[in-house]
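**Student:** Encoded as structure tokens, here's the structure I'll be asking about.
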Amino acid sequence: MELPLAIAIALLFAGGAYSILRPNFFRIVVGFGLLSNAVNLLMILCGGFRSQAAAPFVADPHRVDGLMDPIPPDIILTAIVISFAVGALFLTLCYVVYREYGTDDPEALPVREPEDWAGGPARGAGLPRYEE
Amino acid sequence: MAPHSTIPSNVLPAALALPFAVAALAALLGRRLGAVAGWIVAAAAAGSFLLLLDLPGHDAVASFRVPWLPEIGVDFALRADPFGRFFALLVSGVGFFVALYAISYMADGDERRMPRFWGALAAFMGAMLGIALSDDLLLLFLFWEITSLSSFLLIGHHDDEPAARAGALLALQVTALGGLVLAVGVLLVAQVTGTFSISGIAGDPARIQALLDSPLAPGALGCILVGVFTKSAQFPFHFWLPRAMVAPTPVSAYLHAATMVKAGPFLLGRMLPVFGQLPMWTPVLATVGLVTMLLGAWKAFRETDLKAILARTTGSTLGFLTLLYGFGAAEQDALQMLNHALYKGALFLVAGIVDHHAHTRDLRRLGGLRRELPLPFLAAVLAGLSMAGVPPLLGFLVKESFYDELLHSDAVSGFALGRGFVVAACVLANVFVAAVAAKFVIGTFLGERREGASRGGHHAPHAHVDDGARPAGPPLWVSPLALALGALALGLLGATDFTGHLAEAIASRRSHPFHVSLIPTPGLPLWLSMGGMAMAVALYLARGRMGRIPDLVETHHRPDRLWERMVASLAVLGEEVSMRWQNGSLRRYLAATLLSVPVLAGLALARAGLSHRDVVVSLSELPWFGLFLCVLLGIATMIAVTATTRLQASIATTTVGFIVSMLFVVYRSPDILLTQILIETVSTIFVLLVLLFMPGFPRRDMSAPGHLGAIAVATVFSLVVTLLLLLSMTPGLRENANIAVRPGGLLSLALEKGGGANAVNVIIVDIRSLDTNGEITVLVAVGLCVYALLRARRARSEGGAGA
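First to last, the protein sequences are chains Z and F.
According to the numbering used here, the first sequence is numbered sequentially starting from 105.
According to the numbering used here, the second sequence is numbered sequentially starting from -6.
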């Protein structure tokens, strides 16, 4: 039982969730980073890792006792790369949105009403209109 | 029901497929085919009619069955029992004459709409044949919905007119909604009986008994009845039928008088052997039928538009059919279906001729057309007499037979309102209908020629007059006259064997001997008939005085307007709700997403019977180095969250990343350690670059309640996720079926097959190579996106500078 690490993970989740709920693009990027780290550590713990086990380097295919399970680090490896990619896209979007709209508050962005949609229906235009 | 031997027949699917094939042909090639499309549809109707007529006789039932969805016991099952065959013959027979009529009638219409018209008409005919011949409840439902859809297309034929669109939409809403409710009923029946097969249920007393004993039976019947009532325009769903009269007249004649609206009574006939013994059967059907019958009769008498008159009397007749089924009078019902299809079809087609000829359907402006339209006049007289129930037409036989039934059936005396009331109501409705028939025929054809009924006008009334280029159809009077003569012929034949034979064929449960004869036999039915006739004449003569009585029924609160308002407010409500819920606030979406985790996980935990009490906490196995890292991680996280400057936040986040990579050391995972360090370094550079262009944190970004809400959501989310994590680590709850670590597992395979000692690497590039390929694709896509996003502005500003 790795209670201290579980508590640290809980803090990461809470901090990440709180950050992405704040009305600031940069804090959302930070929160996203915290959440990805939290998930990666969570996979380590769920994977049943023990700090006493050996790294998964196989010398003899018939003697694999005491080695780490290679699947969780494998999945985590992919997750790290993907979250980097998504984080980079987020950051770029932050920058571009700020450049275009002059704000880093997602709530302050103009909400496009349906009538603004190019070629889309005006508000309520989908309703049948009856002649009286 | 008499036992019939069942013989497999391929004629049934052929008769059913013919109209659908023609529908596809007409819809796809319609523009090129022109008026020929109409002839093909008529030929298909005739072909189906002849195929069905040629089926084996009365001691055998043709059937066809191929598995369709065997997993849930649904077959593509057709069966031509006498009742179904009768209805199918009615559909294809009337369909032939209507198609014939429509060739000429529609010839002056907009050519672009004709492929859709013929396609929908043929598809409708196929679907009606499908309803008649289906032996599977789901199949029947499918065809039922096709009739609703094709009816929508046909009512909205003149799609540039708002009234046509609104009428089509109204009919679709009511009938399709009813169809969905019918589907629920069908599924309930199948659930209780274990089969979708209609003959399998109706022919098995044990299944019927199981259904009747089931607590689901009233619900199932109720759902089926909603389907029936919407389709056949029964009160309180009667309002769509008059509005459907914006359809071209052949459509009104075919769909909204002769066939589609009879699908409701037809289904009642199918359900009578199954649900007939249910206590709610008679009271519900009889009451709804009575109300619809009287309402339609009264409104018909008040209308002045020819098609509106016919629509209202159709409603009345449909109510009467429902009433008869309520009392289990299946054979009278079938007779009345036939009679009504013939006379009402004929009258509608005559109304179309009058409309074409005089450019009005308003009785107040019509009159004296008998010399100009002698043959339609003859058809109208015959059909009107059948409608009024005058001998020797079929209508008379029908009326005698149902008076007889109403006076003798035990089911009628068991009805709460009593026999006297029912008979009086029926006589009254008949008096009104007969008076309306007189009003229709006399008002249109006799009397003086009126001002408004002038021939001429700027658009030519008859296509075959003005358009010699295309092959036009037969004269318009052919079809109504044929249908009206049919009513006469069947009336005359009734004395011999046709009608009795028909009654024999469809009789399912007979309460007393049923005999009709053209020669009136003295008795109460005849006196009722004659009394009714006299009253009808009196009512017709007093029509002017009756017209001065204020009509209090459905004038101020028209049900169709109420329905439309209801539908419109539903749409407004939906819009309001989604505008409030999906208001564009990303925070709200994120909070909802985060909260869905505790909700869903909580449900799953509650089902598994797990809670925080099941977590077993034991001492940490972490070395002191690991404990130290955990403390550092907590501190770095707190700093990253509470940072007041962007730089603080960036550095704290990077620190978190590096601490996590150190933890990977503790957990002996060199591969992810290296990856994490690499990525963390690149990210830091990236973040710092972006920081150059971004503004600082605002001093105060959220209101106090907003902060508290965010903290609450984050806390709940984190607690539940951690609970799941702790539960997953609790020794008794986790399964240690580790496929990788056992001998011969992934670890061994990595070296033996992958040829690499580092199992993680081998899995990444070898075993999960497709996954990794996808990962690289994501990286490339993100790279392209970033490039495009950053470049977009430059291109635009350059364009702006150039302009």
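Every residue gets a Cβ at the ideal spot worked out from N, C-alpha and C, and that includes glycine.
What you are looking at is a predicted structure, and each value in this text was computed from that prediction instead of being measured.
To be precise: take each residue of the region 192 to 206 of chain Z, compare its Cβ to all Cβ atoms of chain F, and keep it if any distance is under 8 Å. Which residues remain?
**Tutor:** Within the region 192 to 206 of chain Z, the qualifying residues are A192, L193, L195, T196, L197, C198, Y199, V200, Y202, R203, E204.
**Student:** Can you tell me where the alpha helix (DSSP H) with S589(F) in it begins and where it stops?
**Tutor:** Taking the second sequence and counting its residues from 1, one reaches residue 589(F) at position 596. S589(F) -> alpha helix (DSSP H) spans 579 to 601.
**Student:** Hey, quick one: how far does the alpha helix (DSSP H) through F320(F) stretch, first residue to last?
**Tutor:** Counting from one through the second sequence, the residue named residue 320(F) turns up at place 327. Careful: F320(F) lies outside any alpha helix (DSSP H) and carries neither H nor E.
**Student:** Against chain Z, with Cβ distances strictly below 8 Å, would N423(F) count as a contact?
**Tutor:** Taking the second sequence and counting its residues from 1, the one referred to as residue 423(F) is at position 430. No, no contact with chain Z.
**Student:** Nearest by alpha-carbon distance to V15(F): which of V624(F), R109(F), S190(F) is it?
**Tutor:** The count along the second sequence starts at 1 and reaches residue 15(F) at position 22. The residue with the shortest Cα to Cα distance from V15(F) is R109(F).
**Student:** Once DSSP output is grouped into helix, strand and coil, what is the label at A240(F)?
**Tutor:** One-based indexing of the second sequence puts residue 240(F) at position 247. Coil at A240(F), not helix or strand.
**Student:** Would you please verify whether the beta carbon of F686(F) is less than 8 Å from any beta carbon of chain Z?
**Tutor:** Taking the first residue of the second sequence as position 1, residue 686(F) is located at position 693. Yes - at least one Cβ of chain Z is within 8 Å of the one on F686(F).
**Student:** With DSSP collapsed to three states, give me the class of F657(F).
**Tutor:** For the purposes of this step, residue 657(F) is identified with residue 664 of the second sequence, where counting begins at 1. If DSSP states are grouped into helix, strand and coil, F657(F) belongs with the helices.
**Student:** In angstroms with no decimal places, state the Cα-to-Cα distance between I757(F) and V590(F).
**Tutor:** In the second sequence, counting from the first residue as 1, residue 757(F) sits at position 764. In the second sequence, counting from the first residue as 1, residue 590(F) sits at position 597. Spanning the two alpha carbons is a distance of roughly 30 Å.
**Student:** How do the region 55 to 68 of chain F and the region 113 to 133 of chain F stand: do at least 3 beta-carbon pairs fall below 8 Å, yes or no?
**Tutor:** The region 55 to 68 of chain F vs the region 113 to 133 of chain F: in contact.
**Student:** Less than 7 Å between C-beta atoms, sequence neighbours within five positions excluded: which residues of the same chain meet that for S123(Z)?
**Tutor:** Taking the first sequence and counting its residues from 1, the one referred to as residue 123(Z) is at position 19. Same-chain partners within the cutoff: R131, I132, V134, G135, L138.
**Student:** Given a cut-off of 8 Å, decide if L684(F) and S643(F) are closer than it, judged by their beta-carbon atoms.
**Tutor:** What you label residue 643(F) is simply residue 650 of the second sequence in a count that begins at 1. What you label residue 684(F) is simply residue 691 of the second sequence in a count that begins at 1. Yes. Within cutoff.
**Student:** Tell me where the beta strand (DSSP E) around S(-2)(F) begins and ends.
**Tutor:** Taking the second sequence and counting its residues from 1, the one referred to as residue -2(F) is at position 5. From DSSP, the beta strand (DSSP E) with S(-2)(F) extends over -2 to 1.
**Student:** Can you name the start and end residues of the alpha helix (DSSP H) that V174(F) belongs to?
**Tutor:** Within the second sequence, the letter at position 181 stands for residue 174(F). It spans 155 to 186 - the alpha helix (DSSP H) in which V174(F) sits, taken as one unbroken run.
**Student:** Measuring alpha carbon to alpha carbon, tell me which of R580(F), G725(F), F651(F) ends up nearest V609(F).
**Tutor:** Mapped onto the second sequence, residue 609(F) falls at position 616. For the residues R580(F), G725(F), F651(F), the minimum Cα distance to V609(F) belongs to G725(F).
**Student:** What are the boundary residues of the alpha helix (DSSP H) that includes W828(F)?
**Tutor:** For chain F, the structure presents residues -6 to 796; residue 828(F) sits outside this window and is missing.
**Student:** Could you work out which residues of chain F lie near A158(Z), taking near to mean beta carbons separated by less than 9 Å?
**Tutor:** As a first step, residue 158(Z) is located in the first sequence; it is residue number 54 there, counting from the start. Ordered by position in chain F, the residues that pass the 9 Å Cβ test against A158(Z) are R661.
**Student:** To the nearest angstrom, how far is the alpha carbon of G738(F) from that of T770(F)?
**Tutor:** For the purposes of this step, residue 738(F) is taken as the residue at position 745 of the second sequence. For the purposes of this step, residue 770(F) is taken as the residue at position 777 of the second sequence. Rounded to whole angstroms, G738(F) to T770(F) spans 29 Å at the Cα level.
**Student:** Residues in its own chain within less than 8 Å of R639(F) by CB, not counting five upstream and five downstream?
**Tutor:** Your numbering for residue 639(F) matches position 646 in the second sequence. Same-chain partners within the cutoff: L684, M687, G689, F690.
**Student:** Where S143(F) and R305(F) are concerned, what is the direct C-alpha to C-alpha distance, given to the nearest angstrom?
**Tutor:** Translated into the one-based positions of the second sequence, residue 143(F) becomes position 150. Translated into the one-based positions of the second sequence, residue 305(F) becomes position 312. Those two C-alpha atoms are separated by around 22 Å.
**Student:** Residues of chain F with CB closer than 7 Å to the CB of A212(Z), please, in chain order.
**Tutor:** Here residue 212(Z) refers to the residue found at position 108 when the first sequence is read from its first residue. Under the 7 Å cutoff, chain F gives no residues; its nearest Cβ is about 10 Å from A212(Z).
**Student:** Are the Cβ atoms of T630(F) and V659(F) separated by less than 8 Å?
**Tutor:** The sequence position of residue 630(F) within the second sequence is 637, counting from 1. The sequence position of residue 659(F) within the second sequence is 666, counting from 1. Not a contact, by the Cβ cut-off of 8 Å.
**Student:** Which residue's Cα is closest to the Cα of A112(Z): G767(F), A743(F), D553(F), L719(F)?
**Tutor:** Position 8 of the first sequence, counting from 1, holds the residue named residue 112(Z). Here the closest residue by C-alpha is L719(F).
**Student:** Going by the beta-carbon positions, is the gap between E211(Z) and S578(F) smaller than 8 Å?
**Tutor:** Taking the first residue of the first sequence as position 1, residue 211(Z) is located at position 107. Taking the first residue of the second sequence as position 1, residue 578(F) is located at position 585. In this structure, S578(F) lies closer than 8 Å to E211(Z) by Cβ.
**Student:** Could you tell me if G767(F) is buried or exposed, where buried requires 16 or more neighbouring beta carbons within 10 angstroms of its beta carbon?
**Tutor:** Along the second sequence, read from residue 1 onward, the residue named residue 767(F) stands at position 774. Exposed is the call here.
**Student:** Hey, is S97(F)'s beta-carbon within less than 8 Å of any beta-carbon in chain Z?
**Tutor:** Within the second sequence, numbered from 1, the residue matching residue 97(F) stands at position 104. No, no contact with chain Z.
**Student:** In the DSSP assignment, what residue or residues form a beta bridge with N751(F)?
**Tutor:** Taking the first residue of the second sequence as 1, we reach residue 751(F) at position 758. The partner list for N751(F) (beta bridge, DSSP) reads F161(Z).
**Student:** Classify L261(F): buried if its beta carbon has 16 or more other beta carbons within 10 angstroms, exposed otherwise.
**Tutor:** Position 268 of the second sequence, counting from 1, holds the residue named residue 261(F). Looking at its Cβ environment, which holds 16 or more other Cβ atoms inside 10 Å, L261(F) is buried.
**Student:** According to the Cβ coordinates, are V653(F) and Q669(F) closer than 8 Å?
**Tutor:** Here residue 653(F) refers to the residue found at position 660 when the second sequence is read from its first residue. Here residue 669(F) refers to the residue found at position 676 when the second sequence is read from its first residue. In this structure, Q669(F) lies closer than 8 Å to V653(F) by Cβ.
**Student:** Taking the C-alpha atoms as reference points, what is the distance between A118(Z) and R558(F)?
**Tutor:** Locating residue 118(Z) in the first sequence gives position 14, where the first residue counts as 1. Locating residue 558(F) in the second sequence gives position 565, where the first residue counts as 1. In a straight line, the C-alpha of A118(Z) is about 48 Å away from that of R558(F).
**Student:** What do you reckon, are the CB atoms on L5(F) and A55(F) nearer than 8 Å?
**Tutor:** The sequence position of residue 5(F) within the second sequence is 12, counting from 1. The sequence position of residue 55(F) within the second sequence is 62, counting from 1. Going by C-beta atoms, L5(F) is nearer than 8 Å to A55(F).
**Student:** Could you list which residues in chain Z have their beta carbon closer than 7 Å to that of W695(F), in chain order?
**Tutor:** As a working note, residue 695(F) is residue 702 in the second sequence. In the sequence as displayed, the identity of residue 695(F) is Met instead of Trp. Those are R126, P127, listed as they occur along chain Z.
**Student:** Counting C-beta neighbours from all protein chains within 10 Å, is the total for H451(F) 16 or more, i.e. buried, or is it exposed?
**Tutor:** As a working mapping, residue 451(F) is identified with position 458 in the second sequence. Because the pLDDT of H451(F) is 39, which lies under 50, any placement of that residue in the model is unreliable, and the number read from its coordinates should be weighed accordingly. Result: exposed.
**Student:** Whose CA, out of Y199(Z), D208(Z), G206(Z), lies closest to the CA of L782(F)?
**Tutor:** For the purposes of this step, residue 782(F) is taken as residue 789 along the second sequence, with counting starting at 1. Checked all of Y199(Z), D208(Z), G206(Z); the closest Cα to L782(F) is Y199(Z).
**Student:** Only counting the same chain, and skipping five residues up and downstream in sequence, which positions put a Cβ closer than 8 Å to that of S309(F)?
**Tutor:** Here residue 309(F) refers to the residue found at position 316 of the second sequence. Cβ within range, chain order: T285, M286, L287, L288, G289, A290, A293, A422, F425, V426.
**Student:** Out of A161(F), W233(F), F189(F), I124(F), which has the shortest C-alpha to C-alpha gap to W556(F)?
**Tutor:** By one-based count along the second sequence, residue 556(F) stands at place 563. It is W233(F).
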